[in-house]
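Following our numbering, the residues of the sequence shown are numbered contiguously, the last one being 362. Every residue gets a Cβ at the ideal spot worked out from N, C-alpha and C, and that includes glycine. Every value quoted in this text rests on a predicted model; they were computed, and no experiment measured them. Read the structure below first, then the notes.
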Amino acid sequence: MRDSVARSNRPIDSTDPKLHALTPILFGAAAFQYLNAGCELGLFDLLARQPGLRKEEIGKELGLHARALDILLLGVTSLKLVDKSGNTYRNCDAIEQMWHGGSWADFQAVVAFEQHVVYEGQVDFTASLRANSNVGLRRVRGTGRDLYHRLSENPDLERVFYNYMRSWSELSNPLLIKSVDFSQHKRLIDAGGGDAVNAIALAKAFPNLEITVLEIAGTVPIARRRVADAGLVDRIQVVACDMFHESFPTKHDCVLFSHQLVIWTPQENIALMRRAHDALDPGGAIVVFSSISENDNSGPLMAALDSVYFAAIPAEGGMIYSYAQYEAWLLEAGFHDVMSQHIGVWTPHGIVQARK
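Right, here's the structure in full:
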């Protein structure tokens, strides 16, 4: 029945303006490749340093033949990544703002992550939905049970991944520091804290805070090097911990889950919250900081699109969960005084806090 409907003889009305809205979705993969090419070829950096270049000057600087240059410029101008005025080219305002504001390198790290880590595995998104599991992990070489345990087997992928995670955290951590008063805490656990980017930022912002980073064994050396380079070994310790099978260290008054619970299933998240509850001193706090979706499941758009990655690749469960889900899980794990806060603008970041 589905095939008979799809194969109707009625032609598509290409003059219908409603169809134009489908173009960036139908060819979304190609649109991203223009963004990635502009980053990897250095086009956006070139135009940031020398705005107003002509096509021939751009081709010479980038070392591209005429046909390749025509393709590149056709794409980036059609997508409004680059503005063309007469015969000259400039970056769009958004890229200019990031480049001159100091966040362009972080944005490029996100682009590289999408290109080298996410794109191939997203092919298995539909299969992942059918299986309710991360079928796309099969595209990542290795034997580890999830993406994170396979990174050490793929050094190039590991470098791209941690560069992205550090950049994403550097873009978002100012929101966390502004929104949560960690000065009231003395000892904090950063559960699944990656290469310690969160811990370093918090330690610098709150001089009273001592931090314990929990991470899988393969990530511990990377995090310890970062802490040593920051001169914070006296205030940040990095501990190897399988969070699903080992207890969290005690004598802490705050546990932070930053961009961590989006990876796991609801049942796994409740289990992690219970481990945090067991480890906290009475009156201690739990802070969930992450991209979060709306309770009515209507968006934001970035939350929906980012969920494709979490569904298809890193681990068996995960998505950009809603505020209501986090609130319910915290209550089930034994916490009280649950409070949510929307803080994202471009990114759908939010915070959910509770007390033991």
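Range covered by the alpha helix (DSSP H) that runs through residue i
{"i": "H155", "result": "153-156"}
{"i": "P306", "result": "Where P306 is concerned, there is no enclosing alpha helix (DSSP H), given that its DSSP letter is neither H nor E."}
{"i": "P30", "result": "29-32"}
{"i": "D112", "result": "110-119"}
{"i": "K210", "result": "203-211"}
Under the three-state DSSP convention, the category residue i falls into
{"i": "M104", "result": "helix"}
{"i": "F341", "result": "coil"}
{"i": "Y170", "result": "helix"}
{"i": "K362", "result": "coil"}
{"i": "R136", "result": "helix"}
{"i": "L25", "result": "helix"}
{"i": "R60", "result": "strand"}
{"i": "T94", "result": "strand"}
{"i": "D51", "result": "helix"}
{"i": "D89", "result": "strand"}
{"i": "S313", "result": "helix"}
{"i": "S20", "result": "coil"}
{"i": "T83", "result": "helix"}
{"i": "E322", "result": "coil"}
{"i": "E46", "result": "helix"}
{"i": "D187", "result": "coil"}
{"i": "R147", "result": "coil"}
{"i": "M7", "result": "The predicted position of M7 is uncertain, since its pLDDT is 43 and thus under 50; no value can be drawn from it."}
{"i": "Y40", "result": "helix"}
{"i": "N179", "result": "helix"}
{"i": "E126", "result": "coil"}
One or two residues paired with residue i in a DSSP bridge
{"i": "E333", "result": "Answer is none; E333 lacks a bridge partner."}
{"i": "L70", "result": "BP columns for L70 are empty, so no partner."}
{"i": "A197", "result": "L220"}
{"i": "G356", "result": "S296, H348"}
{"i": "S328", "result": "S299"}
Rounded separation between residue i and residue j - CA only
{"i": "S296", "j": "Y327", "result": "9 Å"}
{"i": "I228", "j": "I222", "result": "11 Å"}
{"i": "A310", "j": "P354", "result": "10 Å"}
{"i": "L87", "j": "L25", "result": "22 Å"}
{"i": "M7", "j": "Q39", "result": "Here the model assigns M7 a pLDDT of 43, short of 50, so the residue's position is not dependable and the matter cannot be decided."}
{"i": "M345", "j": "I31", "result": "36 Å"}
{"i": "A339", "j": "Y125", "result": "35 Å"}
{"i": "Q347", "j": "R73", "result": "50 Å"}
{"i": "D287", "j": "T256", "result": "8 Å"}
{"i": "N42", "j": "A118", "result": "7 Å"}
{"i": "S10", "j": "I64", "result": "At S10, the pLDDT of 49 sits below 50, so the modelled position is not reliable and the matter cannot be decided from this model."}
{"i": "D99", "j": "Q56", "result": "15 Å"}
{"i": "V358", "j": "V294", "result": "5 Å"}
{"i": "Y168", "j": "W174", "result": "10 Å"}
{"i": "S264", "j": "F131", "result": "25 Å"}
{"i": "T271", "j": "L278", "result": "11 Å"}
{"i": "R230", "j": "A197", "result": "15 Å"}
{"i": "E159", "j": "S91", "result": "48 Å"}
{"i": "R193", "j": "G148", "result": "36 Å"}
{"i": "I292", "j": "R361", "result": "6 Å"}
{"i": "L28", "j": "A35", "result": "13 Å"}
{"i": "L163", "j": "V123", "result": "7 Å"}
{"i": "A115", "j": "L337", "result": "36 Å"}
{"i": "T21", "j": "F33", "result": "18 Å"}
{"i": "A317", "j": "P17", "result": "35 Å"}
{"i": "I77", "j": "H71", "result": "10 Å"}
{"i": "I322", "j": "L177", "result": "A small fix is needed here, since residue 322 is Glu in this sequence, not Ile. Answer to the nearest angstrom: the Cα atoms are 27 Å apart."}
{"i": "A282", "j": "N275", "result": "11 Å"}
{"i": "I319", "j": "D152", "result": "8 Å"}
{"i": "R60", "j": "L79", "result": "11 Å"}
{"i": "R165", "j": "D259", "result": "33 Å"}
{"i": "E46", "j": "G69", "result": "13 Å"}
Beta strand (DSSP E) runs wholly inside the segment 215-298, at least 3 long, in chain order: Listed in chain order, they are 216-221, 242-246, 258-264, 286-297.
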